[in-house]
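The structure under discussion appears below in the form of structure tokens.
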Amino acid sequence: YGDNVRVIRFGDSIELCGGTHVSATGQIGFFKITTETSVAAGIRRVEAVTSEKAEAWAYEQYDTVKLLKDVLRNPKDPVKGARSITQQLEKAEKQLQELKKQQTANLVDELEKSAETINGVNVIRKKLQTDAAMVKDIAFRLKQKMENLYLIIGADDPAGKVTITAMISDELVKERGLHAGNIVKELAKEIKGGGGGQPFFATAGGKDSSGLDRALNKAAEFLK
Numbered sequence: 001y002g003d004n005v006r007v008i009r010f011g012d013s014i015e016l017c018g019g020t021h022v023s024a025t026g027q028i029g030f031f032k033i034t035t036e037t038s039v040a041a042g043i044r045r046v047e048a049v050t051s052e053k054a055e056a057w058a059y060e061q062y063d064t065v066k067l068l069k070d071v072l073r074n075p076k077d078p079v080k081g082a083r084s085i086t087q088q089l090e091k092a093e094k095q096l097q098e099l100k101k102q103q104t105a106n107l108v109d110e111l112e113k114s115a116e117t118i119n120g121v122n123v124i125r126k127k128l129q130t131d132a133a134m135v136k137d138i139a140f141r142l143k144q145k146m147e148n149l150y151l152i153i154g155a156d157d158p159a160g161k162v163t164i165t166a167m168i169s170d171e172l173v174k175e176r177g178l179h180a181g182n183i184v185k186e187l188a189k190e191i192k193g194g195g196g197g198q199p200f201f202a203t204a205g206g207k208d209s210s211g212l213d214r215a216l217n218k219a220a221e222f223l224k
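Counted from 1, the sequence shown has number 110 at position 110 by our numbering; the numbering is strictly sequential.
This is the structure in structure tokens:
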């Protein structure tokens, strides 16, 4: 600013101004506020475009709406069409979650029935085609249902991630000194990976799915 400063008053607010940037309001033309944000307590920042940039912004918005209508197969009301698709996706997501819950419950029952007894321990060793989240859910459900549980699951999910999960009942951790973290650390060598965790629950990741069978067979050695 120079020695003389332009001052503008808006109600009780007094602002310094660098001066106008057009010689006539006609040069401004179309005016569109594009953003309005908070920059500090009680202070807002408003940004806008005018003249040719405002026209370019309007054409860009038009092109976006046209493209959206094309994607939605040209509905008369694109907003209504978009909402309809969103509702359909939400419904499909709920159905998928229900299906996963049922699939998990079925796997829990199947694994419980497959348990074998080794030295007084209920042992479950299984290879599954599923993701780590479902495996964890299955492991904790089985821990609640079964005593003296020694669970080892090898998973090769659709994304190509190879994991080994170990769940051990608290009584086995205390009475027999079993440690899930140490066990998966050893088993992970078979899938060319690594991992660890708590005494009762641990996971490991690797990149060689062909080693899952070897890892599951090796898991029984820790009970001898």
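Backbone N, C-alpha and C define an ideal beta-carbon position, used for all residues, glycine too.
One or two residues paired with residue i in a DSSP bridge
i: F10; result: S13
i: I153; result: K126 and T165
i: R45; result: T37
Closest by C-alpha distance to residue i, when choosing among the options
i: L128; options: L151, T117 and K143; result: L151
i: T34; options: H21, Q27, A54 and L107; result: A54
i: K126; options: K101, A133, L212 and E36; result: L212
i: G177; options: L99, I168 and G11; result: I168
i: E171; options: A188, K185 and M146; result: M146
i: F222; options: K185, L111 and D70; result: K185
i: S13; options: A139, N4, Q27 and G42; result: G42
i: F30; options: E15, S23 and T50; result: T50
i: V123; options: G2, N217 and L16; result: N217
Under 8 Å between C-beta atoms of residue i and residue j
i: V173; j: N148; result: no
i: T298; j: G205; result: No answer is possible for residue 298: it lies beyond the span of the chain, which begins at 1 and ends at 224.
i: A202; j: A180; result: yes
i: A215; j: E175; result: no
For residue i, the three-state DSSP class (helix, strand or coil)
i: I164; result: strand
i: E36; result: strand
i: A202; result: strand
- prompt: Do the segment 99-112 and the segment 134-148 touch if we need at least three Cβ pairs shorter than 8 Å?
  reply: yes
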